[in-house]
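Undergrad: Have a look at this one before I ask anything.
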Amino acid sequence: MSVLGLVLIIVVLLLMRVNIILVLAAATAYIHVVLAGSKMEFYYADIWQAIDREVLLPIPLFMLAGAVMTKGSLADRLIQIMVALTAPIKGGLGVAAILSCSAFAAISGSSTVTMLAIGSIMYPALLKEGYDKKFALGALCAGGTLGMIIPPSIPMILYGVVTETNVIHLFLAGVLPGLLLASMMAGYAFWVNRHRASHRWDIDRIVVAVKRGIFALALPVILLGGIYSGYFTATESAVVVLAYALVIELFIHRDLNFRDIVTVTLDTTKLLGTLLPLLAIAASLNAILEFDGVPERLVEAVTATVQDKWLTIIAINAVLLVIGCFVEVISAIVILSNILLPIAEAQGFDPVHFGVIMIVNLEIGFLTPPIGLNILIAMVAFRESFGLLVRSVLPFLAIMVIALAIITAVPWLSMALIPQ
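All residue numbers for the sequence shown refer to our numbering, where the first residue is -10 and numbers rise by one.
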């Protein structure tokens, strides 16, 4: 009867169109007090402890840095370098779109920020050059998702926080899978546009583009080099990116003023107002589930039913792909990580490798209806219909599913760069 009451509360609140954060808060409070026999004081304490952690600091800092670079010109200068370098390739501008997304993902750590920053410049440029509209939309929506897997990645930080997995190891684990995805997408961009005329390789244009974008080009090198050499931590890397972006945009490029900084700071704060409560509630729910031994019982039930390692991970992938269609990535990570990870570990999967598998699954969810976030944002940003956007991403979805299978089956891709 108690479980029925929980289901009833969730259904009623959803039917009343109550905000999902409040639904989760009410459901978690019910689990604490009614199902687990705990007290509300412990619920409040869990929520406070969830957000009173230094490991969360990189998230708002990376979000703010991405907003600063999108508002300024760092993204545009990065794009011009990629366009100049890919000019002699057939379909070079399409390849440049994917490469620009990859490079910007290594700065911003966010899928939607990457898509908006690159898409706002590349979409009109692709159409002007006569590229098919569906290809242009699909390339930018799919290229934007690379921000989830190419480090530094905000979802990776979240997964690390929730599962207490080393964030630096997760960053390292995302490098080769990210390059695999980017290469496959760029290869498709070349193949589908192979009949288009190419342009000559203009050395002068490349030199000019590199000079204009030298600070944008240096940022991923500084950031990733500092992280992987151990010179600074994930938190310190976020501070470096934000400070670098502010100095470059305010004092060197001078494309932003202090009023712009106030605007992007307020916009980022609004986003955090959604993220942090969700993370705190999910952490509280995880705490009570762990206290009652729910993950252990779930692992025992699954392992007793399914003995085969690969059948288990295929089932987990299928579940994550379906969930990605309906639940946005942050909610999925904070709610499901500590439920699915013990099952994967029981079958011999390393937590870091499983983190990459989970994030790639949810990365695909950015392109799947009905809640594909990149599709929904692209509707507004590019002023195109939902149906057209869904059709445009289908080839890239196929590519990403193939890449997911490779990443799942070949642990070396995720673990090769991690120090033993």
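Note that beta-carbon positions come from the ideal geometry of N, C-alpha and C, so glycine has one too. Small disclaimer: the values here were computed from a predicted structure and weren't measured.
Using three-state DSSP, classify V180 as helix, strand or coil.
TA: The sequence position of residue 180 within the sequence shown is 191, counting from 1. Residue identity check: residue 180 is Trp in the sequence provided, not Val. Residue state, collapsed to three classes: helix.
Undergrad: Is N306 buried or exposed, if buried means 16 or more other CB atoms sit within 10 Å of its CB?
TA: Walking along the sequence shown from the start, residue 306 turns up at place 317. N306 is buried by the Cβ-count criterion.
Undergrad: Please classify E153 as buried or exposed, where buried requires at least 16 other C-beta atoms within 10 Å of its C-beta.
TA: Here residue 153 corresponds to residue number 164 of the sequence shown, with the count starting at 1. That one is exposed.
Undergrad: Pick from G354, L300, A16, I139: whose alpha carbon is nearest that of V156?
TA: As a working note, residue 156 is residue 167 in the sequence shown. Among G354, L300, A16, I139, the Cα nearest to that of V156 is on I139.
Undergrad: So, are the CB atoms of E238 and L63 less than 8 angstroms apart?
TA: Locating residue 238 in the sequence shown gives position 249, counting from the first residue. Locating residue 63 in the sequence shown gives position 74, counting from the first residue. The answer is yes: Cβ separation under 8 angstroms.
Undergrad: Give the DSSP-derived three-state secondary structure of N8 in the structure shown.
TA: In the sequence shown, counting from the first residue as 1, residue 8 sits at position 19. Coil at N8, not helix or strand.
Undergrad: Taking one C-beta from the stretch 198 to 207 and one from the stretch 112 to 123 each time, how about it: are there three or more such pairs within less than 8 angstroms?
TA: no
Undergrad: Tell me which same chain residues have a C-beta within less than 7 angstroms of the C-beta of F343, skipping the five on either side of it?
TA: The residue you call residue 343 lines up with position 354 of the sequence shown. L330, A333, listed in sequence order.
Undergrad: With H, G and I counted as helix, E and B as strand and the rest as coil, what does DSSP make of N306?
TA: Sequence index remark: in the sequence shown, residue 306 carries index 317 (1-based). DSSP places N306 in helix when its eight states are reduced to three.
Undergrad: From what residue to what residue does the alpha helix (DSSP H) around L88 run?
TA: Position 99 of the sequence shown, counting from 1, holds the residue named residue 88. Its alpha helix (DSSP H) spans residues 81 to 97.
Undergrad: Given I302, which residues of its chain have a CB within under 8 angstroms of its CB, disregarding the five upstream and five downstream residues?
TA: Numbered from its first residue, the sequence shown carries residue 302 at position 313. These residues qualify, in order along the chain: A333, Q336, F338, I346, T397.
Undergrad: In angstroms, rounded to a whole number, what distance separates the CA positions of A304 and Y233?
TA: Position 315 of the sequence shown holds residue 304. Position 244 of the sequence shown holds residue 233. So the alpha carbons of these two residues sit roughly 43 angstroms apart.
Undergrad: Whole angstroms is fine: what's the gap from H158's alpha carbon to S226's?
TA: Taking the sequence shown and counting its residues from 1, one reaches residue 158 at position 169. Taking the sequence shown and counting its residues from 1, one reaches residue 226 at position 237. Their backbone Cα atoms lie some 14 angstroms apart in a straight line.
Undergrad: Taking the alpha helix (DSSP H) that F338 belongs to, which residues open and close that run?
TA: Residue mapping note: residue 338 aligns to position 349 of the sequence shown, counting from 1. Note, F338: premise wrong, no alpha helix (DSSP H); not H, not E.
Undergrad: Here's the rule: buried if 16 or more other CB atoms are within 10 angstroms of the residue's CB, otherwise exposed. What is S100?
TA: Residue 100 sits at position 111 when you count from the first residue of the sequence shown. So S100 counts as buried.
Undergrad: May I ask you to report which of helix, strand or coil DSSP gives R248?
TA: Translated into the one-based positions of the sequence shown, residue 248 becomes position 259. In the structure shown, R248 sits in a helix (DSSP, three-state: H, G or I).
Undergrad: Do S142 and G163 have their C-beta atoms within less than 8 angstroms of each other?
TA: For the purposes of this step, residue 142 is taken as residue 153 along the sequence shown, with counting starting at 1. For the purposes of this step, residue 163 is taken as residue 174 along the sequence shown, with counting starting at 1. Yes, the pair counts as a contact, with Cβ atoms nearer than the cut-off.
Undergrad: Specify, as a first and last residue, the run of the alpha helix (DSSP H) that D65 falls within.
TA: Counting from one through the sequence shown, the residue named residue 65 turns up at place 76. D65 -> alpha helix (DSSP H) spans 63 to 75.
Undergrad: I'd like the ranges of any beta strand (DSSP E) spanning at least 3 consecutive residues and lying wholly in the stretch 131 to 200.
TA: none
Undergrad: Just reading off the alpha helix (DSSP H) that F375 is part of, what are its end residues?
TA: Locating residue 375 in the sequence shown gives position 386, counting from the first residue. Where F375 is concerned, the enclosing alpha helix (DSSP H) stretches over 375 to 398.
Undergrad: Which residue comes first and which comes last in the alpha helix (DSSP H) that contains L116?
TA: As a working mapping, residue 116 is identified with position 127 in the sequence shown. That run of the alpha helix (DSSP H) goes 100 to 117.
Undergrad: How many angstroms separate the CA atom of W37 from the CA atom of A85?
TA: Within the sequence shown, residue 37 is the residue found at index 48, counting from 1. Within the sequence shown, residue 85 is the residue found at index 96, counting from 1. Whole-angstrom Cα-Cα distance: 44 angstroms.
Undergrad: My assumption, with CB atoms under 8 angstroms, is that G108 sits in contact with G133. Please give the rounded CB distance.
TA: Here the question's residue 108 lines up with position 119 in the sequence shown. Here the question's residue 133 lines up with position 144 in the sequence shown. Going by Cβ atoms, the distance from G108 to G133 rounds to 7 angstroms, so yes, they are a contact pair.
Undergrad: One question on the structure: do C130 and V382 come within less than 8 angstroms of each other, judged by their Cβ atoms?
TA: Counting from one through the sequence shown, the residue named residue 130 turns up at place 141. Counting from one through the sequence shown, the residue named residue 382 turns up at place 393. Yes; because the gap between Cβ atoms is below 8 angstroms, this pair is in contact.
Undergrad: Among I96, K79, G80, whose alpha-carbon lies nearest the alpha-carbon of L67?
TA: By one-based count along the sequence shown, residue 67 stands at place 78. Ranking I96, K79, G80 by CA distance to the CA of L67 puts I96 first.
Undergrad: Whole angstroms is fine: what's the gap from V22's alpha carbon to A14's?
TA: Position 33 of the sequence shown, counted from the first residue, corresponds to residue 22. Position 25 of the sequence shown, counted from the first residue, corresponds to residue 14. If you take the alpha carbons of V22 and A14, they lie about 12 angstroms apart.
Undergrad: Taking the C-alpha atoms as reference points, what is the distance between I(-1) and D65?
TA: Within the sequence shown, the letter at position 10 stands for residue -1. Within the sequence shown, the letter at position 76 stands for residue 65. About 45 angstroms.
Undergrad: Between the beta-carbon of I322 and the beta-carbon of V151, is there less than 8 angstroms?
TA: Counting from 1 along the sequence shown, the entry for residue 322 is found at position 333. Counting from 1 along the sequence shown, the entry for residue 151 is found at position 162. Taking 8 angstroms as the Cβ cut-off, I322 and V151 qualify as a contacting pair.
Undergrad: Can you tell me where the alpha helix (DSSP H) with F204 in it begins and where it stops?
TA: Within the sequence shown, residue 204 is the residue found at index 215, counting from 1. 203 to 217 is the extent of the alpha helix (DSSP H) around F204.
Undergrad: For the alpha helix (DSSP H) containing E225, name the first residue and the last one.
TA: For the purposes of this step, residue 225 is taken as the residue at position 236 of the sequence shown. It spans 223 to 236 - the alpha helix (DSSP H) in which E225 sits, taken as one unbroken run.
Undergrad: Closest to I78 by CA distance: which of R189, F31, L50, Y19 is it?
TA: For the purposes of this step, residue 78 is identified with residue 89 of the sequence shown, where counting begins at 1. Checked all of R189, F31, L50, Y19; the closest Cα to I78 is R189.
Undergrad: If you check the beta carbons only, do I364 and F375 fall under 8 angstroms apart?
TA: The residue labelled residue 364 in the question sits at position 375 within the sequence shown. The residue labelled residue 375 in the question sits at position 386 within the sequence shown. Yes, Cβ-Cβ distance for I364 and F375 is below 8 angstroms.
Undergrad: Check whether the Cβ atoms of A125 and A178 sit closer than 8 angstroms, and answer yes or no.
TA: Position 136 of the sequence shown, counted from the first residue, corresponds to residue 125. Position 189 of the sequence shown, counted from the first residue, corresponds to residue 178. No, the pair does not count as a contact, with Cβ atoms beyond the cut-off.
Undergrad: With C-beta atoms as the reference, is M173 less than 8 angstroms away from A392?
TA: Here residue 173 refers to the residue found at position 184 of the sequence shown. Here residue 392 refers to the residue found at position 403 of the sequence shown. Yes. Within cutoff.
Undergrad: Do you know how far the Cα of D256 is from the Cα of V57?
TA: Your numbering for residue 57 matches position 68 in the sequence shown. Your numbering for residue 256 matches position 267 in the sequence shown. Spanning the two alpha carbons is a distance of roughly 11 angstroms.
Undergrad: What is the DSSP secondary structure of K28, reduced to helix, strand or coil?
TA: In the sequence shown, residue 28 corresponds to position 39, counting from 1. Residue state for K28 is assigned as coil, using DSSP reduced to three classes.
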